[in-house]
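Going by the numbering used here, the letters in the sequence shown line up with residues -4 to 413, in that order.
See below for the structure under consideration.
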Amino acid sequence: MTSLPAEGNGAGRPGPRAQFAAVVGLLDRPLTSYYLVLGCSMLLLALGLTMVLASSNVEQLEQTGSAFTLFQKQAMWIGIGLPAMWLAARLPPRTFRALAYPLLLLSVIGLVIVLVPGLGTTAWGATRWIDLGAFQIQPSEPAKLGLVLWGADLMARRERLGELTDWRTLLIPLLPGAGAVVLLVMLGDDLGTTLVLLTIFLTLLWVVGAPSRLFVGMTGLIGLLVAILIVVEPYRMQRLTGFLDSSGDPLGVRYQGTQGLLAIASGGWFGTGLGEGRAQWGFLPHAETDFIFAIVGEQLGLVGTLVVLGLFGLLAYAGLRIARRVRDPFMRLAAAAVTGWLSVQAIVNIGAVIGVLPITGIPLPLVSYGGSALIPTLVALGMLLAFAQREPGARQALAARGPGPAVRALSWLGLTRR
């Protein structure tokens, strides 16, 4: 009497355990991180561009006469950011290290200019922008990338020299440098970006292996700093008390949060359809930036929000996988810091929209409208792609893959080198 195979539902068909093992095996391939970062980034970017149009068309039609005004601007920023991402994906790590100090210095200069009366632009309680006429620049966004590169380069040099055993060499000059950037952002009343910069600082300490007492002490100090930032600004205290008091006035300080929850709740399982929501008709303030996740929930439903969460989860997994697999200390530190930056920023934004965190006015990476945040994010993701190509076995896998579609298209036109 013959017995059926243990792993099979029929002749030649693998069973559930074999199928699960095959899926897990896909995650062990050399280019898994590369394709996860690339795929998740492109999907979030395409979704974001769609949702910018879906959230802003009514307001822009009324204000400018065209429903596509913000959509076209966002498409322009994407048109600038994607080539920058492509270029970053082809740069060696030494180039990123060389750019660390100039980028951080330019960001600090920009943050100082923001604080100069007449040069910085204040809106919604924060001074974050430099008005250049046709568009505005927010220097705190490239400052995130600058802090990542500078901090990773600094810690990598200290690690190579064996100078990370003492807490003084561990914190100096990382703490004063990060503190200066954070202070300038704090002076502009930008609590959300302050939290992200502090996350980058803590991530660098965690990856480099800071003693637990030092890490806990720094975390407590940061918590105290955030509490002070909330207390000294009346509008932040109003947001916090409004967040804690669920019975507060829904037309007062809780208005934006309440409208965001109503938008998500009205979406149901599959949403109202693109462009068919109620929130886009002026009920939800800043729908295309801080609260674009609410528009996703309303127009694409629970399924759409789970897709967004899944994409950010896969992106975080890929970033941590890169940080774990690369051998170079700078790449390990920079990959972890970028992953912490994007993950915490997404968590804070989504948490504010669904009502589990106070509103901080921070955008959702790759999805919210705005070029100042989008371009540094795409450059950071391009850097992750560059690091992913230096994982063990990745170069060989890329070489075995052959030329990409762009190179093949050029060869068809006879434009490639012989």
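The beta carbon of each residue, even a glycine, is placed where N, CA and C say it ideally should be.
Can you tell me whether residue i is buried or exposed? The criterion is at least 16 other CB atoms within 10 Å of its CB, across all chains shown.
i, result
"Arg123", "buried"
"Ala395", "exposed"
"Phe265", "exposed"
"Met71", "exposed"
"Ile75", "exposed"
"Ile317", "buried"
"Val298", "exposed"
"Leu178", "exposed"
I believe residue i touches residue j by the beta-carbon criterion, under 8 Å. Please report the beta-carbon distance rounded to the nearest angstrom.
i, j, result
"Leu192", "Leu142", "6 Å"
"Pro25", "Ala389", "4 Å"
"Ile125", "Val109", "6 Å"
"Trp145", "Ala95", "4 Å"
"Pro134", "Leu166", "About 25 Å separates the two Cβ atoms, so there is no contact after all."
CB-CB under 7 Å to residue i, same chain, minus the five flanking residues each way: which ones, in chain order?
i, result
"Thr64", "Gln55"
"Leu77", "Leu373"
"Thr(-3)", "Since pLDDT at Thr(-3) reaches only 47, below the 50 mark, its modelled position is unreliable, and no value is offered."
"Gln69", "Leu44, Val47, Tyr364"
"Gln340", "Val191, Ile357, Pro360"
"Ala347", "Pro353, Ile354, Thr355"
"Arg385", "Val321, Met326"
How big is the Cα-Cα spacing for residue i and residue j?
i, j, result
"Gln254", "Asp184", "24 Å"
"Ala416", "Leu170", "Because the chain spans -4 through 413 in this model, residue 416 falls outside it and cannot be assessed."
"Arg208", "Trp162", "10 Å"
"Leu379", "Gly305", "19 Å"
"Ile259", "Arg273", "11 Å"
"His281", "Ile287", "8 Å"
"Ala392", "Pro371", "28 Å"
"Gln251", "Ile354", "9 Å"
"Phe210", "Leu186", "21 Å"
"Phe307", "Ala368", "16 Å"
"Ala375", "Ala138", "12 Å"
"Tyr29", "Leu199", "22 Å"
"Phe278", "Ile290", "11 Å"
"Glu283", "Gly296", "17 Å"
"Leu182", "Ala175", "11 Å"
Once the 5 residues before and after residue i are set aside, which same chain residues still bring their CB inside 8 Å of it?
i, result
"Asn52", "Ala62, Phe63, Phe66, Gly270, Gln275"
"Arg155", "Pro324"
"Gln294", "Met46, Ala49, Gly262, Gly266, Thr267, Gly268, Leu269, Gly270, Glu271, Gly272"
Using a beta-carbon distance below 8 Å, is residue i in contact with chain D?
i, result
"Gly263", "Of the protein chains in this structure there is only one, and it is not chain D."
Going along the chain, which residues of its own chain have a beta-carbon closer than 6 Å to the beta-carbon of residue i, five neighbours each way excluded?
i, result
"Leu(-1)", "Low local confidence applies: a pLDDT of 49 at Leu(-1) is under 50, so the model's placement there is unreliable, with the coordinate-based value given in what follows. Taken in chain order, the list of residues that qualify is empty."
"Val202", "Leu328, Ala331"
"Ser338", "Ala311"
"Phe130", "none"
TODO: Mind the definition here: the region 297 to 313 touches the region 34 to 42 only if three or more C-beta pairs lie below 8 Å; say whether that holds.
DONE: These segments touch.
TODO: Kindly confirm or deny that the region 330 to 344 and the region 212 to 224 touch, where touching means at least three C-beta pairs closer than 8 Å.
DONE: No, because fewer than three Cβ pairs between the region 330 to 344 and the region 212 to 224 fall closer than 8 Å, the two stretches do not touch.
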